[in-house]
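Chains as they are written, first to last, in this note's numbering: chain A, 1 to 133; chain B, 1 to 133; chain C, 1 to 133; chain D, 1 to 133; chain E, 1 to 133; chain F, 1 to 133.
Cβ atoms here follow ideal geometry from the backbone N, Cα and C, with glycine treated the same way.
Number of protein chains: 6
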Amino acid sequence: MSREERYEHGMKVLSDVDGEAGQRVVDSLADVSPELGHQVVAWAFGDMYARPDLSPRDRQLVTLGVLTALGGCEIELDVHINAALNVGLTPAEISEALLHTAVYAGMPRSINATLVAKKVFGERDLLPVKPSE
Amino acid sequence: MSREERYEHGMKVLSDVDGEAGQRVVDSLADVSPELGHQVVAWAFGDMYARPDLSPRDRQLVTLGVLTALGGCEIELDVHINAALNVGLTPAEISEALLHTAVYAGMPRSINATLVAKKVFGERDLLPVKPSE
Amino acid sequence: MSREERYEHGMKVLSDVDGEAGQRVVDSLADVSPELGHQVVAWAFGDMYARPDLSPRDRQLVTLGVLTALGGCEIELDVHINAALNVGLTPAEISEALLHTAVYAGMPRSINATLVAKKVFGERDLLPVKPSE
Amino acid sequence: MSREERYEHGMKVLSDVDGEAGQRVVDSLADVSPELGHQVVAWAFGDMYARPDLSPRDRQLVTLGVLTALGGCEIELDVHINAALNVGLTPAEISEALLHTAVYAGMPRSINATLVAKKVFGERDLLPVKPSE
Amino acid sequence: MSREERYEHGMKVLSDVDGEAGQRVVDSLADVSPELGHQVVAWAFGDMYARPDLSPRDRQLVTLGVLTALGGCEIELDVHINAALNVGLTPAEISEALLHTAVYAGMPRSINATLVAKKVFGERDLLPVKPSE
Amino acid sequence: MSREERYEHGMKVLSDVDGEAGQRVVDSLADVSPELGHQVVAWAFGDMYARPDLSPRDRQLVTLGVLTALGGCEIELDVHINAALNVGLTPAEISEALLHTAVYAGMPRSINATLVAKKVFGERDLLPVKPSE
Numbered sequence: 001m002s003r004e005e006r007y008e009h010g011m012k013v014l015s016d017v018d019g020e021a022g023q024r025v026v027d028s029l030a031d032v033s034p035e036l037g038h039q040v041v042a043w044a045f046g047d048m049y050a051r052p053d054l055s056p057r058d059r060q061l062v063t064l065g066v067l068t069a070l071g072g073c074e075i076e077l078d079v080h081i082n083a084a085l086n087v088g089l090t091p092a093e094i095s096e097a098l099l100h101t102a103v104y105a106g107m108p109r110s111i112n113a114t115l116v117a118k119k120v121f122g123e124r125d126l127l128p129v130k131p132s133e
Numbered sequence: 001m002s003r004e005e006r007y008e009h010g011m012k013v014l015s016d017v018d019g020e021a022g023q024r025v026v027d028s029l030a031d032v033s034p035e036l037g038h039q040v041v042a043w044a045f046g047d048m049y050a051r052p053d054l055s056p057r058d059r060q061l062v063t064l065g066v067l068t069a070l071g072g073c074e075i076e077l078d079v080h081i082n083a084a085l086n087v088g089l090t091p092a093e094i095s096e097a098l099l100h101t102a103v104y105a106g107m108p109r110s111i112n113a114t115l116v117a118k119k120v121f122g123e124r125d126l127l128p129v130k131p132s133e
Numbered sequence: 001m002s003r004e005e006r007y008e009h010g011m012k013v014l015s016d017v018d019g020e021a022g023q024r025v026v027d028s029l030a031d032v033s034p035e036l037g038h039q040v041v042a043w044a045f046g047d048m049y050a051r052p053d054l055s056p057r058d059r060q061l062v063t064l065g066v067l068t069a070l071g072g073c074e075i076e077l078d079v080h081i082n083a084a085l086n087v088g089l090t091p092a093e094i095s096e097a098l099l100h101t102a103v104y105a106g107m108p109r110s111i112n113a114t115l116v117a118k119k120v121f122g123e124r125d126l127l128p129v130k131p132s133e
Numbered sequence: 001m002s003r004e005e006r007y008e009h010g011m012k013v014l015s016d017v018d019g020e021a022g023q024r025v026v027d028s029l030a031d032v033s034p035e036l037g038h039q040v041v042a043w044a045f046g047d048m049y050a051r052p053d054l055s056p057r058d059r060q061l062v063t064l065g066v067l068t069a070l071g072g073c074e075i076e077l078d079v080h081i082n083a084a085l086n087v088g089l090t091p092a093e094i095s096e097a098l099l100h101t102a103v104y105a106g107m108p109r110s111i112n113a114t115l116v117a118k119k120v121f122g123e124r125d126l127l128p129v130k131p132s133e
Numbered sequence: 001m002s003r004e005e006r007y008e009h010g011m012k013v014l015s016d017v018d019g020e021a022g023q024r025v026v027d028s029l030a031d032v033s034p035e036l037g038h039q040v041v042a043w044a045f046g047d048m049y050a051r052p053d054l055s056p057r058d059r060q061l062v063t064l065g066v067l068t069a070l071g072g073c074e075i076e077l078d079v080h081i082n083a084a085l086n087v088g089l090t091p092a093e094i095s096e097a098l099l100h101t102a103v104y105a106g107m108p109r110s111i112n113a114t115l116v117a118k119k120v121f122g123e124r125d126l127l128p129v130k131p132s133e
Numbered sequence: 001m002s003r004e005e006r007y008e009h010g011m012k013v014l015s016d017v018d019g020e021a022g023q024r025v026v027d028s029l030a031d032v033s034p035e036l037g038h039q040v041v042a043w044a045f046g047d048m049y050a051r052p053d054l055s056p057r058d059r060q061l062v063t064l065g066v067l068t069a070l071g072g073c074e075i076e077l078d079v080h081i082n083a084a085l086n087v088g089l090t091p092a093e094i095s096e097a098l099l100h101t102a103v104y105a106g107m108p109r110s111i112n113a114t115l116v117a118k119k120v121f122g123e124r125d126l127l128p129v130k131p132s133e
């Protein structure tokens, strides 16, 4: 595959997963680091995300764990909580996954990520979250 | 539930998920911080892990993401990669999940976690890992 | 203790330590993750904070160290710098504790936490901070 | 050297490197932690930055790596991306350095730092960045 | 104060707090980075640790919080848990402080630090730790 | 370029920069995550490291900053301190770069990285390091 073909393949995966939110991140990088935008699309989505052996839904669970633990990734959590909804995780599952991180990453990281989820769920009219019981 | 009942409930969940590995962590805390051991069992497993809305398999995907991103958690990754196998994730899925973290947490964290997986898989006679293609 | 009793016990501790600020964090979680709010109250404050062997003042010193080192916890530092004042630490002691973190966590983390302290002290009319000499 | 002389020496280094941006950080600490402001000037710049064996340009490359990896240091990245320009790094070199961090610290940290660079470059009329080919 | 006087002052503080353990860290740096050893002594202990407004005991509580949250600082935790004992914190208080970090930094960081405490307490014949009730 | 050509290109860059140390990391991943080994070679070195606008020497300064700040990356620091020597940084410059990180990432991270440098320098008969004074 050529560089352009890898980019186009990645952009298709990115659009399926992130909708417009991922595109906005790439656009925001265009005049400062077009190569970083290229790598997000061609490598992160084209080469990595699209690989077999783990479904998009499972990848988002891992990604939510990583981004919550890193801290300071509110922009990326916004994109990836949207992505999590897009690939089939329910609001209750996402809230529960972020609650689960409290055990391993502590309450503050869990709270910060949950407040991003609240913003995303609000924008998509998914509040209040209804736990299964 | 009494404090003892919460502990017993948690120990049952812990045994199902971690087998003996979790018990060894709790034992290692007995003479220095019995309360920390109690909280791992009664709270982390009894109250949190056992909640509905996310399956053990899904919880382990989140946990692998968190522990890889934190870094310096080789002891805990050993326990939780074993746990991941115990609750139904395959070696190929675990390797792929740890590969996926490279995008968000960088290559070094991904490599360090993968080397712990290599140790665990070796001990359980699961090497080499066979990706799906 | 029942789940409700643990919550009520925790809420009493939380109110003593954090005043209204902790309550606001719990409220902000109500429609997205009521269980996370419950765990902050029932577990973090009811089970853990209220334990013997370390005074509230000492706990806040540890907490300030943890939150400063983690980074990206400005919301939680706001709550816990208020809490530190509530349990008897002086502004000069808090500033000195945050200065001390520079040795171990570096200047940027120390500066970021100190700017949160400046905001909190300003809101409580405690500026300028007067060091002891 | 006396305490005052160390401060004056540090302030000269700070002004050369950071221009007014460093001074603003020091000023912002004046009423909450004058000693932290003193240490930034007298120690970080007077004692450490001014040492031989590494040029200011090389120091800024290390600093960009550290601040990007830490995360949550947008304020400090703003100061130090300005400093990097002041000591002779080009916008293309800075963008490339921040892109390089993606390999080791992951895409989110790299993106966050690059968006701070975009802000700084915009303020100094240096957009769009022109890679060498 | 001259550079040598600052070093001697710092070494006196370091010896009071850390005993021989701090000296060993400084010695280990002698042939690779004598200046880093100098800064640990002259700056970290001479300039910072010895300041008023926070007692050595309080400083160690903050330090334990920072080092536990950072992760990967087992060498430094060893030194500073020894230091904590030297300046008057009891084993029960230290264990409780490290348990307290679990709320904010998560269980793995708390467990890792507690296992270092176990090693230090064992070397000083302070096991088992006796909580107050 | 085909997948194999990208790998071969990356392996050439990796060999130039890391000598045998990088190869050993890739080999260690062969039976647990061959794709991670592929990505280290084809992406990290072939696509990213080999890009223009930043010299290998400059990239190593950034990398040392990132790896020191992350913590828990002793394996990778070993590889990259060797790489830093291979691309022309002197032991004195490397020690100074790691000392510089103390300002931004704190003393413990700086000490830990410096002790890895001591090991690498010792293996290559480069001790004691001679600062330029």
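Just the C-alpha distance for residue 10 of chain C and residue 54 of chain E, rounded to the nearest angstrom, thanks.
Along the third sequence, one-based indexing puts residue 10 of chain C at 10. Along the fifth sequence, one-based indexing puts residue 54 of chain E at 54. Each residue's Cα considered, the two are about 30 Å apart.
Under DSSP, the alpha helix (DSSP H) around residue 119 of chain D begins and ends at which residues?
On the fourth sequence, position 119 is the one that residue 119 of chain D refers to. Segment 107-123, the alpha helix (DSSP H) holding residue 119 of chain D.
Distance, Cα to Cα, residue 99 of chain A vs residue 106 of chain B?
Residue 99 of chain A sits at position 99 when you count from the first residue of the first sequence. Residue 106 of chain B sits at position 106 when you count from the first residue of the second sequence. Straight-line Cα distance between these residues: approximately 24 Å.
How about residue 108 of chain C: is its C-beta nearer than 8 Å to some C-beta of chain F?
Counting from one through the third sequence, the residue named residue 108 of chain C turns up at place 108. So, interface residue.
So, is residue 47 of chain F buried or exposed, given that buried needs 16 or more other C-beta atoms within 10 angstroms?
Working through the sixth sequence from its first residue, we reach residue 47 of chain F at position 47. Result: buried.
Using the three-state DSSP reduction, which class does residue 61 of chain D fall into: helix, strand or coil?
Here the question's residue 61 of chain D lines up with position 61 in the fourth sequence. Three-state DSSP puts residue 61 of chain D in a helix.
Decide if residue 71 of chain D is buried, meaning its Cβ has at least 16 other Cβ atoms within 10 Å, or exposed.
Taking the fourth sequence and counting its residues from 1, one reaches residue 71 of chain D at position 71. It is buried - the Cβ of residue 71 of chain D has at least 16 other Cβ atoms within 10 Å.
Are residue 57 of chain E and residue 89 of chain E closer than 8 Å when you measure CB to CB?
Stepping through the fifth sequence from its first residue, residue 57 of chain E is reached at position 57. Stepping through the fifth sequence from its first residue, residue 89 of chain E is reached at position 89. In this structure, residue 89 of chain E lies closer than 8 Å to residue 57 of chain E by Cβ.
Kindly indicate the opening and closing residues of the alpha helix (DSSP H) around residue 7 of chain C.
Residue 7 of chain C sits at position 7 when you count from the first residue of the third sequence. 3-18 is the extent of the alpha helix (DSSP H) around residue 7 of chain C.
Where does residue 51 of chain F fall in DSSP's three states?
The residue labelled residue 51 of chain F in the question sits at position 51 within the sixth sequence. Note: residue 51 of chain F maps to coil in three-state DSSP.
On the CB-based measure, 16 or more other CB atoms within 10 Å of its CB, does residue 52 of chain E come out buried or exposed?
In the fifth sequence, the residue the question calls residue 52 of chain E occupies position 52. With fewer than 16 Cβ atoms within 10 Å of its Cβ, residue 52 of chain E is classed as exposed.
For residue 17 of chain F and residue 127 of chain F, I'd like the C-alpha separation in whole angstroms.
Here the question's residue 17 of chain F lines up with position 17 in the sixth sequence. Here the question's residue 127 of chain F lines up with position 127 in the sixth sequence. Those two C-alpha atoms are separated by around 22 Å.
Quick one: is the Cβ of residue 23 of chain A within less than 7 Å of any heavy atom of the ligand SAH?
By its list of ligands, the structure shown contains no ligand whatsoever, and the ligand SAH lies outside what it can speak to.
For residue 4 of chain A, which residues in chain D fall below 7 Å Cβ to Cβ?
Within the first sequence, the letter at position 4 stands for residue 4 of chain A. Residues of chain D passing the Cβ test: none, with the nearest at roughly 16 Å.
Please name the residue, chosen from B:4, B:5, B:2, B:21, that lies closest to residue 82 of chain B on a Cα-to-Cα basis.
Stepping through the second sequence from its first residue, residue 82 of chain B is reached at position 82. If we check each option's Cα against that of residue 82 of chain B, B:21 comes out closest.
Just the chain B side, please: which residues come within less than 7 Å of residue 103 of chain D by C-beta, in chain order?
Here residue 103 of chain D refers to the residue found at position 103 when the fourth sequence is read from its first residue. Within 7 Å Cβ-Cβ: 106, 107.
Would a check of beta-carbon distances place residue 72 of chain A closer than 8 Å to chain C?
In the first sequence, residue 72 of chain A corresponds to position 72, counting from 1. Closer than 8 Å: yes.
What does the alpha-carbon distance come out to for the pair residue 132 of chain A and residue 120 of chain C?
Position 132 of the first sequence holds residue 132 of chain A. Position 120 of the third sequence holds residue 120 of chain C. Going from the Cα of residue 132 of chain A to the Cα of residue 120 of chain C covers about 39 Å.
For residue 114 of chain E versus residue 104 of chain C, is the C-beta spacing smaller than 8 Å?
Looking up residue 114 of chain E in the fifth sequence gives position 114. Looking up residue 104 of chain C in the third sequence gives position 104. Cβ atoms of residue 114 of chain E and residue 104 of chain C: not closer than 8 Å.
What does the alpha-carbon distance come out to for the pair residue 111 of chain D and residue 23 of chain E?
Counting from 1 along the fourth sequence, the entry for residue 111 of chain D is found at position 111. Counting from 1 along the fifth sequence, the entry for residue 23 of chain E is found at position 23. The straight-line gap from Cα to Cα measures roughly 41 Å.
For the alpha helix (DSSP H) containing residue 34 of chain C, list its first residue and its last residue.
Position 34 of the third sequence, counted from the first residue, corresponds to residue 34 of chain C. Per DSSP, residue 34 of chain C belongs to the alpha helix (DSSP H) from 34-39.
Quick check on residue 42 of chain B: buried or exposed, where buried means 16 or more other Cβ atoms within 10 Å of its Cβ?
Locating residue 42 of chain B in the second sequence gives position 42, counting from the first residue. It counts as buried.
With distance defined between alpha-carbon atoms, name the residue in D:5, D:65, D:33, D:25 nearest to residue 95 of chain D.
Walking along the fourth sequence from the start, residue 95 of chain D turns up at place 95. For residue 95 of chain D, the nearest C-alpha among the options comes from D:65.
Can you tell me the Cβ-Cβ gap for residue 25 of chain C and residue 79 of chain C, rounded? I've got them flagged as a contact below 8 Å.
For the purposes of this step, residue 25 of chain C is taken as residue 25 along the third sequence, with counting starting at 1. For the purposes of this step, residue 79 of chain C is taken as residue 79 along the third sequence, with counting starting at 1. Right, the Cβ-Cβ distance comes to about 6 Å (below 8 Å), so this counts as a contact.
Give the residues of chain F in contact with residue 40 of chain E, contact being defined as C-beta atoms less than 7 Å apart.
Your numbering for residue 40 of chain E matches position 40 in the fifth sequence. The contacting residues are 107.
Using a Cβ cut-off of 8 Å, which residues of the stretch 108-131 of chain F contact any Cβ in chain E, in chain order?
Cβ contacts with chain E: 108, 109, 110, 111, 112, 114, 115, 117, 118, 121, 127, 128, 129, 131.
With burial defined as no fewer than 16 other Cβ atoms inside 10 Å of the residue's Cβ, what is the status of residue 2 of chain B: buried or exposed?
Working through the second sequence from its first residue, we reach residue 2 of chain B at position 2. Label assigned to residue 2 of chain B: exposed.
Would you kindly check if the distance between the Cβ of residue 129 of chain A and the Cβ of residue 31 of chain C is under 8 Å?
Position 31 of the third sequence, counted from the start, is the residue given in the question as residue 31 of chain C. Position 129 of the first sequence, counted from the start, is the residue given in the question as residue 129 of chain A. Yes, the Cβ-Cβ distance between residue 31 of chain C and residue 129 of chain A is below 8 Å.
What do you get for residue 144 of chain A, buried or exposed, if any count of 16 or more other CB atoms within 10 angstroms of its CB means buried?
With chain A covering 1 to 133 only, the question about residue 144 of chain A has no answer from this structure.
Given this structure, state the Cα-to-Cα distance separating residue 8 of chain E from residue 84 of chain E, to the nearest angstrom.
As a working mapping, residue 8 of chain E is identified with position 8 in the fifth sequence. As a working mapping, residue 84 of chain E is identified with position 84 in the fifth sequence. Taking the straight line from one Cα to the other gives about 22 Å.
Could you list which residues in chain D have their beta carbon closer than 8 Å to that of residue 62 of chain F, in chain order?
The residue given as residue 62 of chain F occupies position 62 in the sixth sequence. Those within 8 Å of residue 62 of chain F in chain D are 61, 62, 64, 65, 97, 100, 101.
Please say whether residue 93 of chain D and residue 108 of chain C have beta carbons closer to each other than 8 Å?
For the purposes of this step, residue 108 of chain C is taken as residue 108 along the third sequence, with counting starting at 1. For the purposes of this step, residue 93 of chain D is taken as residue 93 along the fourth sequence, with counting starting at 1. Against a cut-off of 8 Å, the Cβ pair of residue 93 of chain D and residue 108 of chain C comes out as no contact.
Can you name, in chain order, every residue of its own chain whose Cβ lies under 7 Å from the Cβ of residue 102 of chain D, other than the five neighbours on each side?
The residue given as residue 102 of chain D occupies position 102 in the fourth sequence. Within the same chain, residue 102 of chain D has close Cβ partners 110.
So, is residue 157 of chain F buried or exposed, given that buried needs 16 or more other C-beta atoms within 10 angstroms?
There is no way to answer for residue 157 of chain F, as the model of chain F reaches only from 1 to 133.
Here's a check: name, in chain order, each residue in its chain whose Cβ is nearer than 8 Å to the Cβ of residue 44 of chain C, leaving out the five neighbours to either side.
In the third sequence, residue 44 of chain C corresponds to position 44, counting from 1. Answer for residue 44 of chain C: 10, listed in chain order.
For chain D, find out if any of its Cβ atoms is closer than 8 Å to the Cβ of residue 81 of chain A; answer yes or no.
Position 81 of the first sequence, counted from the first residue, corresponds to residue 81 of chain A. Chain D, which has no Cβ nearer than 8 Å to the Cβ of residue 81 of chain A, makes this no.
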